[in-house]
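Notes for the one structure printed next.
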Amino acid sequence: MLSHELKTIDKRLKALTSSAASTLLEQYGVGSYVAATLLVAAGDNHERLKKESSFAALCGISPLDVSSGKKQRHRLNRGGARDANNALWTVALIRMRNDSRTRKYVEKRSSEGKSNKEIQRCLKRYIVRELYPIIVSDLSKLS
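Counted from 1, the sequence shown has number 30 at position 30 by the UniProt record's numbering; the numbering is strictly sequential.
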(Lines of atoms letter the chains of each structure in order from A; the text may use other names.)
(Lines give C-alpha, C1' and ligand atoms only; values in the text may rest on other atoms or scores of the structure.)
Protein backbone atom coordinates (compact mmCIF):
# COMPACT_ATOMS: atom_id res chain seq x y z
CA MET A 1 0.00 0.00 0.00
CA LEU A 2 2.60 2.57 1.07
CA SER A 3 5.12 1.38 -1.52
CA HIS A 4 2.50 1.91 -4.24
CA GLU A 5 1.85 5.47 -3.01
CA LEU A 6 5.57 6.14 -2.88
CA LYS A 7 6.03 4.93 -6.46
CA THR A 8 3.15 7.15 -7.58
CA ILE A 9 4.63 10.19 -5.84
CA ASP A 10 8.08 9.44 -7.32
CA LYS A 11 6.57 9.27 -10.82
CA ARG A 12 4.82 12.60 -10.31
CA LEU A 13 8.01 14.18 -8.97
CA LYS A 14 9.99 12.91 -11.99
CA ALA A 15 7.36 14.27 -14.36
CA LEU A 16 7.30 17.67 -12.67
CA THR A 17 11.06 18.05 -12.46
CA SER A 18 11.64 16.85 -16.02
CA SER A 19 9.22 19.47 -17.32
CA ALA A 20 10.54 22.25 -15.06
CA ALA A 21 14.27 21.50 -14.95
CA SER A 22 15.31 19.29 -17.85
CA THR A 23 18.76 20.91 -18.09
CA LEU A 24 19.38 20.50 -14.38
CA LEU A 25 18.50 16.81 -14.54
CA GLU A 26 21.15 16.28 -17.23
CA GLN A 27 23.93 17.16 -14.79
CA TYR A 28 25.91 14.29 -13.29
CA GLY A 29 24.57 13.21 -9.90
CA VAL A 30 21.38 15.28 -10.07
CA GLY A 31 18.20 13.25 -9.81
CA SER A 32 14.59 14.32 -9.53
CA TYR A 33 14.68 14.71 -5.73
CA VAL A 34 17.87 16.82 -5.78
CA ALA A 35 16.55 18.95 -8.65
CA ALA A 36 13.24 19.53 -6.88
CA THR A 37 14.99 20.46 -3.63
CA LEU A 38 17.30 22.97 -5.33
CA LEU A 39 14.45 24.48 -7.35
CA VAL A 40 12.34 24.93 -4.21
CA ALA A 41 15.23 26.64 -2.39
CA ALA A 42 15.98 28.92 -5.34
CA GLY A 43 12.36 29.43 -6.35
CA ASP A 44 11.26 30.64 -2.95
CA ASN A 45 14.02 33.26 -2.99
CA HIS A 46 14.65 33.88 -6.69
CA GLU A 47 14.61 37.68 -6.33
CA ARG A 48 17.49 37.48 -3.84
CA LEU A 49 19.74 35.41 -6.10
CA LYS A 50 21.84 37.97 -7.96
CA LYS A 51 24.96 35.77 -8.28
CA GLU A 52 26.19 32.31 -7.40
CA SER A 53 27.67 33.43 -4.09
CA SER A 54 24.20 34.46 -2.91
CA PHE A 55 22.88 31.01 -3.86
CA ALA A 56 25.79 29.41 -1.99
CA ALA A 57 24.93 31.48 1.09
CA LEU A 58 21.27 30.51 0.73
CA CYS A 59 22.29 26.83 0.73
CA GLY A 60 24.68 27.26 3.67
CA ILE A 61 27.75 26.49 1.55
CA SER A 62 29.58 29.81 1.86
CA PRO A 63 32.20 30.18 4.61
CA LEU A 64 31.65 32.68 7.41
CA ASP A 65 34.47 35.05 8.32
CA VAL A 66 35.53 34.71 11.97
CA SER A 67 38.78 36.66 11.69
CA SER A 68 40.10 38.53 14.69
CA GLY A 69 43.13 40.76 14.77
CA LYS A 70 45.89 39.23 12.66
CA LYS A 71 44.23 35.81 12.51
CA GLN A 72 42.19 35.22 9.37
CA ARG A 73 39.85 32.27 9.73
CA HIS A 74 36.58 31.02 8.32
CA ARG A 75 34.09 28.59 9.73
CA LEU A 76 31.36 26.45 8.28
CA ASN A 77 28.02 28.14 7.67
CA ARG A 78 25.33 26.25 9.60
CA GLY A 79 22.53 28.48 8.31
CA GLY A 80 20.69 28.50 5.05
CA ALA A 81 18.39 25.96 3.48
CA ARG A 82 19.54 22.71 5.04
CA ASP A 83 17.59 20.62 2.52
CA ALA A 84 19.45 22.30 -0.34
CA ASN A 85 22.74 21.78 1.49
CA ASN A 86 21.90 18.10 1.86
CA ALA A 87 21.00 17.85 -1.84
CA LEU A 88 24.38 19.34 -2.80
CA TRP A 89 26.11 16.95 -0.40
CA THR A 90 24.33 14.07 -2.18
CA VAL A 91 25.60 15.27 -5.56
CA ALA A 92 29.13 15.62 -4.15
CA LEU A 93 29.02 12.11 -2.70
CA ILE A 94 27.77 10.58 -5.97
CA ARG A 95 30.48 12.37 -7.92
CA MET A 96 33.18 11.37 -5.43
CA ARG A 97 32.25 7.72 -5.87
CA ASN A 98 31.57 7.53 -9.61
CA ASP A 99 33.00 10.49 -11.55
CA SER A 100 36.61 10.09 -12.71
CA ARG A 101 37.30 13.86 -12.78
CA THR A 102 36.05 14.23 -9.22
CA ARG A 103 38.09 11.25 -8.04
CA LYS A 104 41.24 12.85 -9.47
CA TYR A 105 40.35 16.07 -7.64
CA VAL A 106 39.82 14.13 -4.39
CA GLU A 107 43.19 12.41 -4.77
CA LYS A 108 44.89 15.76 -5.41
CA ARG A 109 43.28 17.38 -2.36
CA SER A 110 44.02 14.32 -0.19
CA SER A 111 47.69 14.56 -1.10
CA GLU A 112 47.57 18.21 0.03
CA GLY A 113 46.47 17.01 3.46
CA LYS A 114 42.77 17.91 3.25
CA SER A 115 40.30 15.75 5.17
CA ASN A 116 37.33 14.11 3.49
CA LYS A 117 34.94 16.66 5.00
CA GLU A 118 37.06 19.56 3.74
CA ILE A 119 37.11 18.02 0.27
CA GLN A 120 33.32 17.61 0.33
CA ARG A 121 32.96 21.25 1.37
CA CYS A 122 35.11 22.37 -1.57
CA LEU A 123 33.16 20.13 -3.94
CA LYS A 124 29.81 21.51 -2.79
CA ARG A 125 30.98 25.03 -3.55
CA TYR A 126 32.21 23.92 -6.98
CA ILE A 127 28.86 22.22 -7.64
CA VAL A 128 27.01 25.44 -6.70
CA ARG A 129 29.15 27.34 -9.23
CA GLU A 130 28.28 24.77 -11.87
CA LEU A 131 24.56 24.44 -11.15
CA TYR A 132 23.64 28.07 -10.38
CA PRO A 133 23.38 29.30 -14.01
CA ILE A 134 21.41 26.18 -14.92
CA ILE A 135 18.95 26.70 -12.05
CA VAL A 136 18.49 30.37 -12.95
CA SER A 137 17.92 29.41 -16.58
CA ASP A 138 15.36 26.75 -15.66
CA LEU A 139 13.57 29.15 -13.29
CA SER A 140 13.41 31.85 -15.97
CA LYS A 141 11.77 29.35 -18.34
CA LEU A 142 9.07 28.73 -15.73
CA SER A 143 8.25 32.44 -15.35
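Even glycine gets a Cβ: it sits at the ideal position worked out from N, Cα and C.
Simplified DSSP assignment, three categories, for residue i
i, result
"residue 216", "One cannot answer for residue 216 here, as it falls past the ends of the chain, which runs 1 to 143."
"Ala15", "helix"
"Lys114", "coil"
"Asp99", "coil"
"Lys104", "helix"
"Pro133", "helix"
Close-in-space but distant-in-sequence residues of the same chain around residue i (CB under 7 Å, 5 per side omitted)
i, result
"Tyr28", "Arg95 and Asp99"
"Ala92", "Gln120, Leu123, Lys124 and Ile127"
"Leu142", "Ala20"
"Ser62", "Ser53, Ala56 and Asn77"
C-alpha distance - residue i paired with residue j, whole-angstrom precision
i, j, result
"Trp89", "Asp83", "10 Å"
"Glu130", "Ser137", "12 Å"
"Ile135", "Arg121", "20 Å"
"Leu76", "Leu16", "33 Å"
"Gln72", "Val66", "7 Å"
"Ser59", "His4", "For the record, residue 59 in the displayed sequence is Cys; it is not Ser. Taking the straight line from one Cα to the other gives about 32 Å."
"Lys114", "Met1", "46 Å"
"Ser140", "Ile9", "25 Å"
"Ser111", "Lys117", "14 Å"
"His74", "Lys104", "26 Å"
"Glu47", "Gly69", "36 Å"
6 Å CB neighbourhood of residue i in its chain, flanking five on each side removed
i, result
"Tyr132", "Glu52 and Phe55"
"Thr102", "Arg95 and Met96"
Identity of the residues DSSP links to residue i by a beta bridge
i, result
"Lys71", "Ser68"
Under 9 Å between C-beta atoms of residue i and residue j
i, j, result
"Leu49", "Leu38", "no"
"Tyr33", "Leu13", "yes"
"Ala57", "Gly43", "no"
Cβ-based neighbour list, residue i, same chain, cut-off 8 Å, excluding 5 preceding and 5 following
i, result
"Asn86", "Thr37"
"Ser18", "Leu25 and Ser32"
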